[in-house]
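**Q** The structure under discussion is supplied below as structure tokens; questions concerning it will follow.
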Amino acid sequence: MRLLHEPYRGSTEVALGVVGVVGSAVVAEVVLRSGLLDVPGLPIPSEVARSVGDLLQDSVFWEAIRFTALEWMLGLAIATVVGLALGGLMGAFGVVFRAFEWPVEAFRVLPSVAVGPIVVVVVGQGMLPLSLTVALSCLWPILLNTMYGVRGVDTTAVMTARSMGVGEVGLLLRVKLPSALPFAFTGVRVSASIGLLVAVSAELLMGNGSGIGGYILQNTANATSLDLVYAATIVAGLLGVLVNIALAKVDATALAWKKGLAQ
Amino acid sequence: MTEHVLGSEVPELQLTGVSRRYGDNLAVRSIDAAIPAHKISVIVGPSGCGKSTLLRMISGLDTPTDGEVRFEGAPVRGVPEGLAMVFQDYSRSLYPWMRVDKNVAFPIRRLPAAERAERVRFAIEEVGLKGKESLYPWQMSGGMQQRVAIARALASHPRLLLMDEPFASVDAQTRADLEDLVMRIQAELGITVLVVTHDIDESVYLADRIFVLSTPPSVVAEVIDVDLPRPRDHVSTKTEPEFVRIRGHVTSLLRRPDADAEGAHGSLVASTAAGEIA
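Line by line, the protein sequences are chains X and F. This note's numbering numbers the first residue of the first sequence as -13 and each following residue consecutively. This note's numbering numbers the first residue of the second sequence as 364 and each following residue consecutively.
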């Protein structure tokens, strides 16, 4: 028997994926068309697929994709910078940890979309408040992973640096943060998916019609083109998959050295 | 304490009554030692006798609870300039995100680029790793990784090279090669080398002077000057009667003090208790 971690050949793997996706679409199509399940508004795959085709020819929708992608990446970038800095300091210095432990625990459980409207009040309309809302939700996995990565740094690595006269700040920047980077990046990857989710939600809630969320909102308001809404959702999902593939690639190349980290 | 020819020079490193206590546990009792300049000295002792603790205090990474370490006449407070250290665990001591040349350049990263490049080139050649500059340490064998660690130490132009069980994690053949490498480098550059090991053979083979430590709380049980001719060789040196004699002597020292140390430990506990009552 095959174990889960035994990889299939590349072509087999792709084929199995296609069978899974197409298979479920066919099942859904049959169930909905045959009237086996008769609930209005459920997506019929073939019609959603046609709508995706329509959407991709719509320049307004492309603008929405561009907006969401930018907003999302800006938010993720802000979260990465803040997460690395604060997580690094909290991991390295007990004083900083004590000072921020409870604020982090408190803010971490706040639903960022609920905080969003307050952000709008503070910084005004546009992409920035949306990105800040995204950043607020992306921050925590990055911050916590960085903090634990820094704390888990190898003691011999630290002693070696000290024996070469490296001070506390140098130690954090040159040894602790680099060796925590693979962990921090895992946080970035987790945050990326959360970030897209929050980006679209925030647009639905306070986007003023911009981004994929805004596009969905306007078309549901028209109430006629539900297929278009489903199609937009699928495109958002595809965007997420693409970015995840890109991040996995970065992980496998720029951070390939992590196999050299002492176990 | 024996004062031989070596003792005529001002010692590079002077330990006076160095002790280290962790809570109620006395790891190092009272070490007196004079490590001669431009020679190889070896501290040998049983496992857990506080050798690494001692080395950390010498390097300024740890502070003695009592006594004093002087390097080139000045008391050690923090890691002194002119000292480099090589650790047993090369895979943890080298930085996996840096290629070989970057690892070697780490201690001298503030030097001007040209001088830095020259020192890195020299150090890498000195340990026989020319052509391996752009590998990552984890792509290399254990012996080669330890060579990188030695090159990194050399790049900082140390006057004192401390080595903590440097060859305990490599196979026997590699170990022999690395021992010869260290002796050759020491002879070429004239630096002072202090090696800590639990391997008796290694201590006699490398050393100009051996410090035999007792079981913990450790003291220097005996200082032995080794006058075996240099350059030394794994076959001829190790069959010389003098080598065999010293090795036997060190072996007997490391066996015998067990009983003594138990007694000493007992009396120490008693005196500590008395101190606390007082």
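Glycine included, every Cβ here is placed at the ideal spot set by N, Cα and C. Every value quoted in this text rests on a predicted model; they were computed, and no experiment measured them.
Which residues of chain X have a Cβ atom closer than 9 Å to the Cβ of Met448 (chain F), listed in chain order?
**A** Going along chain X in sequence order, the residues near Met448 (chain F) (Cβ under 9 Å) are Met145, Thr146, Ser149, Met150.
**Q** DSSP three-state call for Tyr458 (chain F): helix, strand or coil?
**A** DSSP places Tyr458 (chain F) in coil when its eight states are reduced to three.
**Q** Against chain F, with Cβ distances strictly below 8 Å, would Gly246 (chain X) count as a contact?
**A** Closer than 8 Å: yes.
**Q** Less than 8 Å between CB atoms is the rule here; does Asp237 (chain X) satisfy it with respect to chain F?
**A** Answer no: the Cβ-Cβ gap between Asp237 (chain X) and chain F never drops below 8 Å.
**Q** Report, in whole angstroms, the separation of the C-beta atoms of Pro592 (chain F) and Val558 (chain F), which I expect to be a contact under 8 Å.
**A** So it is not a contact: roughly 19 Å between Cβ atoms.
**Q** Give the DSSP-derived three-state secondary structure of Gln377 (chain F) in the structure shown.
**A** Here Gln377 (chain F) sits in strand by DSSP.
**Q** Does the region 512 to 527 of chain F come into contact with the region 462 to 477 of chain F, if we say contact requires no fewer than three beta-carbon pairs (one atom in each stretch) closer than 8 Å?
**A** Result yes; three or more Cβ-Cβ pairs closer than 8 Å.
**Q** Mapping DSSP to helix, strand and coil, what is Thr555 (chain F)?
**A** Thr555 (chain F): strand per DSSP, three-state reduction.
**Q** Is Thr537 (chain F) helix, strand or coil when you go by DSSP?
**A** DSSP places Thr537 (chain F) in helix when its eight states are reduced to three.
**Q** Using a Cβ cut-off of 8 Å, pull out every chain F residue sitting near Thr142 (chain X), in sequence order please.
**A** Ordered by position in chain F, the residues that pass the 8 Å Cβ test against Thr142 (chain X) are Phe450, Asp452, Arg455, Ser456.
**Q** Of all Cβ atoms in chain F, is any one closer than 8 Å to the Cβ of Pro164 (chain X)?
**A** Yes - at least one Cβ of chain F is within 8 Å of the one on Pro164 (chain X).
**Q** Along chain X, in chain order, which residues have C-beta atoms closer than 8 Å to that of Ser519 (chain F)?
**A** The answer, in chain order, is Met150.
**Q** Go to Ser10 (chain X), then tell me how far its alpha helix (DSSP H) extends in each direction, as first and last residue.
**A** Unbroken alpha helix (DSSP H) run through Ser10 (chain X): -4 to 19.
**Q** Does the distance from the CB of Met59 (chain X) to the CB of Met133 (chain X) come in under 8 Å?
**A** In this structure, Met133 (chain X) does not lie closer than 8 Å to Met59 (chain X) by Cβ.
**Q** Would you mind telling me which residues of chain F sit closer than 7 Å to Trp243 (chain X), beta carbon to beta carbon, in chain order?
**A** Neighbours of Trp243 (chain X) on chain F, chain order: Pro459, Trp460, Tyr499.
**Q** Tell me the DSSP secondary structure of Asn466 (chain F) in three-state form.
**A** Residue state, collapsed to three classes: helix.
**Q** Can you give me the start and stop residues for the beta strand (DSSP E) that Phe434 (chain F) sits inside?
**A** 429 to 434 is the extent of the beta strand (DSSP E) around Phe434 (chain F).
**Q** Which residues in chain X have a C-beta closer than 9 Å to the C-beta of Val490 (chain F)? List them in chain order.
**A** Result: empty, since nearest Cβ-Cβ is about 17 Å, beyond 9 Å.
**Q** Going along chain X, which residues have a C-beta under 8 Å from Val442 (chain F)?
**A** The contacting residues are Arg148, Ser149, Met150, Gly151.
**Q** State the start and end residues of the unbroken alpha helix (DSSP H) segment that holds Glu49 (chain X).
**A** Run containing Glu49 (chain X): 45 to 78, per the alpha helix (DSSP H) assignment.
**Q** Decide if Glu489 (chain F) is buried, meaning its Cβ has at least 16 other Cβ atoms within 10 Å, or exposed.
**A** Result: buried.
**Q** Using a Cβ-Cβ distance under 8 Å, would Phe469 (chain F) count as near chain X?
**A** Closer than 8 Å: yes.
**Q** Could you tell me the boundaries of the alpha helix (DSSP H) in which Ser117 (chain X) lies?
**A** Ser117 (chain X) -> alpha helix (DSSP H) spans 113 to 137.
**Q** Taking 6 Å as the limit between beta carbons, can you name the residues of its chain near Ala486 (chain F), skipping five residues before and five after?
**A** Excluding sequence neighbours, Ala486 (chain F) sits near Val467, Ala514, Leu517, Ala518.
**Q** Using CA coordinates, which residue listed in X:Thr142, X:Leu62, X:Gly39, X:Ala166 is at the minimum distance from Arg419 (chain F)?
**A** The candidate whose alpha carbon is nearest that of Arg419 (chain F) is X:Thr142.
**Q** Report yes or no: is there a C-beta of chain X within less than 8 Å of the C-beta of Ser422 (chain F)?
**A** Ser422 (chain F) counts as touching chain X.
**Q** Assuming Glu49 (chain X) contacts Leu116 (chain X) (C-beta within less than 8 Å), just tell me the rounded distance between them.
**A** Not a contact, Cβ separation roughly 15 Å.
**Q** Per DSSP, which one or two residues make a beta bridge with Pro438 (chain F)?
**A** Paired residues: F:Arg433.
**Q** Are the CB atoms of Pro438 (chain F) and Arg572 (chain F) nearer to each other than 8 Å?
**A** No.
**Q** Look at the Cβ atom of Arg455 (chain F), then the Cβ atom of Ala248 (chain X), and state whether they are nearer than 8 Å.
**A** Yes, Cβ-Cβ distance for Arg455 (chain F) and Ala248 (chain X) is below 8 Å.
**Q** Excluding the 5 residues flanking Val533 (chain F) on each side, which residues of the same chain have their C-beta closer than 6 Å to its C-beta?
**A** Taken in chain order, the residues that qualify are Gly505, Gly506.
**Q** Taking C-alpha atoms, which residue in X:Ala11, X:Val106, X:Val68 lies nearest to Asn194 (chain X)?
**A** Ranking X:Ala11, X:Val106, X:Val68 by Cα distance to Asn194 (chain X) puts X:Val106 first.
**Q** If we call anything under 8 Å between Cβ atoms a contact, is Leu576 (chain F) one with Ile421 (chain F)?
**A** Not a contact, by the Cβ cut-off of 8 Å.
**Q** State the DSSP-derived secondary structure class of Thr578 (chain F), mapped to helix, strand or coil.
**A** Reduced to three states, the DSSP call for Thr578 (chain F) is coil.
**Q** Would you decide whether Tyr385 (chain F) is buried or exposed? Buried here means 16 or more other CB atoms lie within 10 Å of its CB.
**A** Tyr385 (chain F) comes out exposed.
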